[in-house]
Every structure is written in structure tokens, then in C-alpha cells.
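So the protein lines, in turn, are chains U and E. Residues are numbered in the numbering used here as their position in the first sequence, beginning at 1, plus a constant of 3. Residues are numbered in the numbering used here as their position in the second sequence, beginning at 1, plus a constant of 4. Each residue gets a CB set at the ideal place from its N, CA and C atoms; glycine is no exception. The structure appears below as C-alpha cells.
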Amino acid sequence: MDESIQTVWNEAQARANEQYYTQRRRITVDPITRLEGHGKIDIFLNEQGDVERAYFQVPELRGFEVFSLGRPAEDMPQITSRICGVCPTAHHMAGTKALDDLYRVEPPSPARKIRELVYNLFMLEDHALHVYVLGGPDFIVGPDAPPETRNVLGVIQTVGLDIGKRVISTRRRLRESIAYLGGKVVHPVLGLPGGVAKGIAPEDLPQFQEVAQAGLEFALFTLQVFKDVVLKNPAYMDLITSDIYTHRTYYMGLVDDKNRVNFYDGKIRVVSPEGKEYAKFAVQAYLDYIAEHVEPWSYVKFCYLKGVGWKGFMDGAESGIYSVAPLARLNASEGMATPEAQKAYEEFFKTFGQKPVHHTLANHWARVIEMVYAAERIVELVNDPEITSTNLRVIPTVSPTVGVGVVEAPRGTLFHHYETDEDGILRKVNLIVATQNNSARMAMSVEKAAKGLIHGGEVSDALLNKVEMAFRAYDPCHACATHSLPGQMPLVLSVYNASGKLVHQQKR
Amino acid sequence: MSERAGRTLVLALGNDLLGDDGVGLEAARQVAGQVDATVDVVETGEAGLALLEMLEGYARALLIDSVVTGRYPPGTILEFSPDDFRRVVAPSPHYAGLPEVLEMARRLELDFPYEIRILAMEVLNPYEFLLGFSEPVHENLPRFVQRALQILGEWRCENSPLVIPPR
Chain U
4 MDESIQTVWN
14 EAQARANEQY
24 YTQRRRITVD
34 PITRLEGHGK
44 IDIFLNEQGD
54 VERAYFQVPE
64 LRGFEVFSLG
74 RPAEDMPQIT
84 SRICGVCPTA
94 HHMAGTKALD
104 DLYRVEPPSP
114 ARKIRELVYN
124 LFMLEDHALH
134 VYVLGGPDFI
144 VGPDAPPETR
154 NVLGVIQTVG
164 LDIGKRVIST
174 RRRLRESIAY
184 LGGKVVHPVL
194 GLPGGVAKGI
204 APEDLPQFQE
214 VAQAGLEFAL
224 FTLQVFKDVV
234 LKNPAYMDLI
244 TSDIYTHRTY
254 YMGLVDDKNR
264 VNFYDGKIRV
274 VSPEGKEYAK
284 FAVQAYLDYI
294 AEHVEPWSYV
304 KFCYLKGVGW
314 KGFMDGAESG
324 IYSVAPLARL
334 NASEGMATPE
344 AQKAYEEFFK
354 TFGQKPVHHT
364 LANHWARVIE
374 MVYAAERIVE
384 LVNDPEITST
394 NLRVIPTVSP
404 TVGVGVVEAP
414 RGTLFHHYET
424 DEDGILRKVN
434 LIVATQNNSA
444 RMAMSVEKAA
454 KGLIHGGEVS
464 DALLNKVEMA
474 FRAYDPCHAC
484 ATHSLPGQMP
494 LVLSVYNASG
504 KLVHQQKR
Chain E
5 MSERAGRTLV
15 LALGNDLLGD
25 DGVGLEAARQ
35 VAGQVDATVD
45 VVETGEAGLA
55 LLEMLEGYAR
65 ALLIDSVVTG
75 RYPPGTILEF
85 SPDDFRRVVA
95 PSPHYAGLPE
105 VLEMARRLEL
115 DFPYEIRILA
125 MEVLNPYEFL
135 LGFSEPVHEN
145 LPRFVQRALQ
155 ILGEWRCENS
165 PLVIPPR
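Below you can see the structure in the form of C-alpha cells.
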């Protein structure tokens, strides 16, 4: 890297930050203190020891947009995939699709299928990680279990060593398949405007088909584990459907031409809290539908539906707050495009007896259903006659101006928006990451859980874990905004009494 | 995994778009030019379960990373063993999950390094998009690299050559 370029970027960065801090200082409210690379939940009690307010905050990596300006747009799929090690493939794919749009070029059908294959491999692997490692312990081990067992080790203890081994080996094979096509999982180099860099050699196809079959068996097995452990336990079902974990909001997700869930492409569909279609639009129009609200106490902006408006942190059709991620995708669609997933989808809504389902913890079940869909879609794609085609690229010919791309990241809708000069040099960059789309509902979820669980000043580890469960269900990856680990984001939970004194603190 | 048997892994953690956060990656690149063919040098921005896959099969592993403990001046070189993270709340997000990963490897009877050491540098600001290192990190980088080579050298003395002696 040329040192003078480095200096210019860093100076621009420093200016942007200074401006940011100046704006923040003006509106910062005590007693929220600075974040230091970890998430925070601050719970404020009143005189009676009940919860007056609870704030959930995440740190944010600042300055990515400034960092990108002046670079060639083609670099974005690589650079954005390095924002963090959590969902590199999602950023890579959203970036690649934004480049397709920027250069007005449609990838040939085999290239599109390769992308969709890689994307579904990634979704399956990432969801499996959450089910077994990050969010799963809340249910598989139990929400009241002591913290030292409420982790992946406790999961293995509960489900057995063989299953543990199966999780590890399936995950490894899925990742190897992604690496075959995209290079390193963390720094994929697959996507190019108008296509992909690599296809599948016919002689290697059998190994993909084998992995696909193993992946499908694994997903169906996971669905069975979920049913056995969670759905057959009335106490868990009561917890999932309890009011403290329920919010009636809008839901957003990508759908195909039959309004079925699609992770890779389609139109963005939004349904109201009553389940009616509120909007359906191509990603290029996203700014007509989505706006961002700023709160003095948080670094993260809160997205809401422009047409409905920001009415504060409240539920209902009058409030523009919407949700993304697995539950939202199921709610915003009318079905799944593969048979086993469709069956599971129908059972899901039948069990709850409502659509949309408003229970935040139902995200865990929705995630497993999505694993089944991803796995079935992988099987379809590796058996598609076109999948070994070498027709992988259409070379762009037009001058670039604006490009917008979207995918469903594991944690929800992810937008990439680039504007360039005629040489493809970036002049404007806007990313809306999944967790930002979810941030308003997540803040409400944490506060509602805290208010519902903490009474008379009594705080225990089990209670506080149940507060955390309210946001863990969303699988919050703030890593586009932080480089923290998936779900194991260091979290500091503090409880303050009515005089503002810290009475309880725990760190994870 | 058999191609890893008996070998040593130098695993660098970090993100070089995040200023000081990338110090482990830079150190590893410098180390890579000075070790023999029995050492694999790998860079990653991942953590958690991915570490399991990366470590599996190696005889020994040296992790190189940045940390923010807030207790030492930036540029300070720190050494940990995986056991330390059972007691310490992860000073770097990269480690969250490392104790679990090791425990999991043990319970699942995976072939795992019998020795793992962690070499880390206290850094200033790993939370902003920046290129290049802060002054104290930059200044201490050569010592950081030297210490990594020294550890690899100690391991060499215990069995086959790992570090090529400087000419």
C-alpha cells in the first residue's frame, strides 16, 4: 500500500470520526458511558426495584464508508467480506450483486446457480453454528442451566458425542465446498460483475453431491432434534409463546416470483403485523421504503418503514418498526420452494395457530426450517445439468453509475449500495446490515424481557440469561459493526438502582 | 489431516483493515519468511469453531494476535496459555470460544495440538477502519516477531529444526 494513499485515507477517517463524535457529544445522555468493544445491556431500576428502562447497545466499527471511497467498486466484494469473519459470504454476495447492477449485467444462468449454491452452503453452515453453538444452548441445555454448562459443551453433553462429531464434520465439509469455489471462506474471491470466477469441474461434481446429501440428512436430523428437545417440552413452548418475548411488528424478507423464501435473490416483501402485504419492491427502490432513526443512546441506527413513520419503540401497524431474520422471512413469505421445508413451514404456522408469528424465540425454529430449505436447494443445484457448465461470465460493457444489491444474510436482509464515477471509482457507499434492520425490535425485545422478568430488585443469573435470550434469538451479529465473535460477543450486563448506583454487573 | 501430523501451526488472528487489529497478521508474514518447511503460517479473521478446524491435526500451535486488556501500555507483548482464558474474560473478541473449542476437542477426542501458546500485543484501537499501526505498536513489532521466532526456536530445540538460523 502506497504510504501517501494510506495517509489520505487515515486523515479522512479521522475527520469523519471527529465530526461523528462532535455530533454525538451534543446529544449524548448520561449515564450511558462509552462502549469499549463489547455489547452492553444497561438496566435501570425504579424505587420499587422494577425496571424503569433497559438499553441494549452494541459497539460499531466506524468509518467503513469513508474507508471505501476512492477505491474501485470491483474491490468491494473482497473488502466488504473482510469487514468481519462472521458473514463474509453474505457481504461478498451482496457486493457482487451490487456490481451486477452497477454494470447493468446479468450473470449467465450457470453462474447464477453457482452463486446460489455457494450461498446456500454458507446459510446452512452458519445456521447450524447458531443452532448448536450460539443460540441452541438456551434450549438444548435449558434457559435455567448454570452458565458453565449453557454452551456448546453442554449441548454435546445433552445430545451425545456422536452428534457433536457429526456437527463438526458436516460443518467442515460444507466449508470445504465453499472454499473449492470461493477460495478462503473468510476472503471469498468468487463473485465478479456478470458472473463468477470458478465453476465446478465435472469430475469433482460427485463430491459435491455427496456433501449435499450429507447436508440434507444433517438438516432433517437437526429438525428432529429441535422437535424432540424443544417442541415436546411444554415449558419451552410456554416460554416461546409468552408475552415477554412477543412483539407485533412488520416483517421483511426476500421472496421469489411465487412469494416463497429465497436467500439469494428476488423482491423484498414486507407484511404488516396482521400479515397483509404492505410492500413488495425491487432492491433499487429500498430508499423509498426504509429510513433510519437516530437515538442519542446508541451507536446503531434504527431502521423503520418510511411510509409508516417512526413512532418510537412501539408495536403495531401504526409503528414503522420491522423485523428481519428467519422468523421475519417465514412471516413475509407464502411458503418454501422445496418439499421438506414446505412441510416444516406448514407445521410451524399450524402449531402457533397464527400468521405472522410474533414470538421472537420462534426464530430458533424458523432457523432450523431454513436449514432444511438451504440443504434441499443445495441438492437441487448440484443435480442441475447446468451446474458444471463453463458459461460463467458476461463481460460488462456499460459505464457504471449506481448499483444496489441485496441478499438475505443469515441474520436478515443485507443491502449494498454503491455510486461511482464513470471509471468505477466509488463516490458513495451505503450498507444496511441485517442487525441494523432488526435493531429497533431488538431494543424493544431486551427492554420488554427485562421489564417482564426483573421485579422487586431481584436479579439472578438465570433471569438475566432470559433477558439475553431476547436478543440472542435474532442471532445478532454486530460484527459488520464490530469484529466480535458470533454470538459470543463480549457482553456486559449492568443493573443500576433508582439512585443510579451499580448494583449488579456480569460479563460474558 | 494427516498432512499436518507432527507439524507446527502459526495462526495469526486479526483484520488488517482495522489498524492495530492486524498486528498479528503482519507479524506472521514476517515470521513466515524465517521458518522452515515444518511450520505452516496461516492468517485468519475467524474465530470460534473455525479455530477448531484450523488447529486440528497439528502437533503444536502458536497463536499471534492483538489484545485490549487496558491494563498495559500499547505495544506490550503478552503471553498466555489457553488455560488463562478460563479465568480471564476474553480480552480480545478473537478468543471468545477458545477454551470451549479446546474442551470440545478433548471431549470429542479430536487430534489436537498438545501444546498451544498465545502471543499477543496490547494495542490501541482495533475498532476503526484504518490502515497501518499506531506508533507504539509499530515500534514494538520487531520485538513481537522476535519473540514469536524465539518460541518457535524453543520448540525446535525440543525436536526437529523449525527456525532457519539467520545468515
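{"Check": "Would you mind sorting I155 (chain E) into buried or exposed? The rule is 16 or more other CB atoms within 10 Å of its CB.", "Outcome": "buried"}
{"Check": "Helix, strand or coil: which one does DSSP assign to E179 (chain U)?", "Outcome": "helix"}
{"Check": "Within 10 angstroms of the Cβ of Q60 (chain U), are there 16 or more other Cβ atoms? Answer buried if so, exposed if not.", "Outcome": "buried"}
{"Check": "In angstroms with no decimal places, state the Cα-to-Cα distance between A335 (chain U) and A76 (chain U).", "Outcome": "32 Å"}
{"Check": "Along the chain, where does the beta strand (DSSP E) that runs through F305 (chain U) open and close?", "Outcome": "F305 to L308"}
{"Check": "Per DSSP, what are the beta-bridge partners of K451 (chain U) in this structure?", "Outcome": "DSSP lists no partner for K451 (chain U)."}
{"Check": "Around the Cβ of G459 (chain U), are there at least 16 other Cβ atoms within 10 angstroms (buried) or fewer (exposed)?", "Outcome": "exposed"}
{"Check": "Below 8 Å between beta carbons: does that hold for G79 (chain E) and E126 (chain E)?", "Outcome": "yes"}
{"Check": "Near R370 (chain U), what residues of its chain come up, given a Cβ to Cβ distance below 7 Å and the 5 sequence neighbours on each side ignored?", "Outcome": "H130, H133, V134 and P329"}
{"Check": "8 Å is my cut-off, CB to CB: does E7 (chain E) come that close to chain U?", "Outcome": "no"}
{"Check": "Looking only at its chain, what residues have a beta carbon closer than 7 Å to the beta carbon of S402 (chain U), apart from the 5 residues adjacent to it on each side?", "Outcome": "E425"}
{"Check": "Can you look up P479 (chain U) in the DSSP assignment and give me helix, strand or coil?", "Outcome": "coil"}
{"Check": "Can you list, in chain order, the residues of its chain whose CB lies under 7 Å from that of V108 (chain U), leaving out five sequence neighbours each side?", "Outcome": "P196, G197, V397 and P399"}
{"Check": "Give the straight-line distance between the Cα atoms of Y99 (chain E) and I120 (chain E), rounded to the nearest whole angstrom.", "Outcome": "Bear in mind that the predicted position of Y99 (chain E) carries a pLDDT of just 43, short of 50, making it unreliable; the figure below should be weighed with that in mind. One C-alpha to the other measures close to 13 Å."}
{"Check": "Chain E beta carbons: is any one of them nearer than 8 Å to that of L164 (chain U)?", "Outcome": "yes"}
{"Check": "In three-state DSSP terms, what is G312 (chain U)?", "Outcome": "coil"}
{"Check": "Taking only beta-carbon atoms, is L153 (chain E) less than 8 Å away from chain U?", "Outcome": "no"}
{"Check": "Can you tell me the Cβ-Cβ gap for P146 (chain E) and R64 (chain E), rounded? I've got them flagged as a contact below 8 Å.", "Outcome": "Contact doesn't hold; Cβ gap of about 24 Å is too wide."}
{"Check": "In this structure, how does DSSP classify I203 (chain U) when only helix, strand and coil are distinguished?", "Outcome": "coil"}
{"Check": "Look up Y58 (chain U) in the DSSP assignment and give the residues it is bridged to.", "Outcome": "U:D45"}
{"Check": "When Cβ atoms are compared, which residues of the region 140-163 of chain U fall closer than 9 Å to chain E?", "Outcome": "N154, V155, L156, I159 and Q160"}
{"Check": "Taking just the CA atoms, how far does I181 (chain U) sit from V199 (chain U)?", "Outcome": "13 Å"}
{"Check": "Please state if the CB of Y307 (chain U) and the CB of A294 (chain U) are separated by a distance shorter than 8 Å.", "Outcome": "yes"}
{"Check": "Taking the alpha-carbon positions, what's the D24 (chain E) to A16 (chain E) distance?", "Outcome": "13 Å"}
{"Check": "If G18 (chain E) and D69 (chain E) are in contact, beta carbons under 8 Å, what's the gap, nearest whole angstrom?", "Outcome": "6 Å"}
{"Check": "Based on the DSSP output, what are the partners of L94 (chain U) in its beta bridges?", "Outcome": "Note that residue 94 (chain U) is His in the sequence shown here, rather than Leu. None, per the DSSP bridge assignment."}
{"Check": "Among U:P149, U:P110 and U:V382, which one has its Cα closest to the Cα of N123 (chain U)?", "Outcome": "U:V382"}
{"Check": "When the Cα atoms are used, what is the spatial distance from N251 (chain U) to E277 (chain U)?", "Outcome": "One point to set straight first is that residue 251 (chain U) is Arg, not Asn, in the sequence displayed. One C-alpha to the other measures close to 8 Å."}
{"Check": "Is any beta-carbon of chain E found at less than 8 Å from that of G138 (chain U)?", "Outcome": "no"}
{"Check": "Going by alpha carbons, who is nearest to V327 (chain U) out of U:K270, U:P299 and U:N441?", "Outcome": "U:N441"}
{"Check": "Going by DSSP, what residue range makes up the beta strand (DSSP E) through R118 (chain U)?", "Outcome": "Taken as a continuous stretch (DSSP letters only), R118 (chain U) belongs to no beta strand (DSSP E), being part of the alpha helix (DSSP H) at S112 to L132."}
{"Check": "By Cβ distance, which residues of its chain are closer than 6 Å to K451 (chain U), with the 5 residues on each side in sequence left out?", "Outcome": "I247"}
{"Check": "Count the other CB atoms, across all protein chains shown, that sit within 10 Å of the CB of D103 (chain U); report buried if there are 16 or more and exposed otherwise.", "Outcome": "buried"}
{"Check": "Report the residue from U:E422, U:L177, U:R118 and U:R56 whose alpha carbon sits nearest the alpha carbon of Q287 (chain U).", "Outcome": "U:E422"}
{"Check": "Taking any Cβ of chain E, which residues in the region 349-360 of chain U have a Cβ under 9 Å from it, in chain order?", "Outcome": "none"}
{"Check": "Are the C-beta of G26 (chain E) and some C-beta of chain U separated by less than 8 Å?", "Outcome": "no"}
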